[in-house]
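The structure appears below as structure tokens.
Numbering (the working numbering), first residue to last: 3 to 119.
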């Protein structure tokens, strides 16, 4: 597994920092956001370290598919898949990314207006 020693999410994946894990596969980990913005707010990360969604897409090894599949599995598990959920990947500081380990936010359980932010 590829990891960065000082990366918060790599440390969560390695179980060095506790998190409320809600879903796990051999390639992904999903855990509740510590500052939820909706009743359902779960972060889905690849276990390998990629700093941004662009880097994940460039990996071209099916990992982006695994992250999306895990996000949908979380939405189903959390009971928001049928009514609808939002999947957000902030990529880069200008988009609000604060942890540079690619992660998708699964948001649901309330009305989500558009445009966000």
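Note that CB positions come from ideal geometry on N, CA and C, so glycine has one too.
Between which two residues does the alpha helix (DSSP H) carrying residue 58 extend? Taken as a continuous stretch (DSSP letters only), the alpha helix (DSSP H) holding residue 58 covers 55 to 61.
With three or more beta-carbon pairs closer than 8 Å as the criterion, would you say the stretch 91 to 103 touches the stretch 43 to 55? Three or more Cβ pairs closer than 8 Å define a contact, and the stretch 91 to 103 meets that threshold against the stretch 43 to 55.
Around the Cβ of residue 14, are there at least 16 other Cβ atoms within 10 angstroms (buried) or fewer (exposed)? With 16 or more other Cβ atoms within 10 Å, it is buried.
Same chain, Cβ closer than 8 Å to residue 53, five either side skipped, listed in chain order: Cβ neighbours of residue 53 beyond the five flanking positions: 102, 103 and 104.
In whole angstroms, what separates the C-alpha of residue 7 from that of residue 18? C-alpha of residue 7 to C-alpha of residue 18: approximately 11 Å in a straight line.
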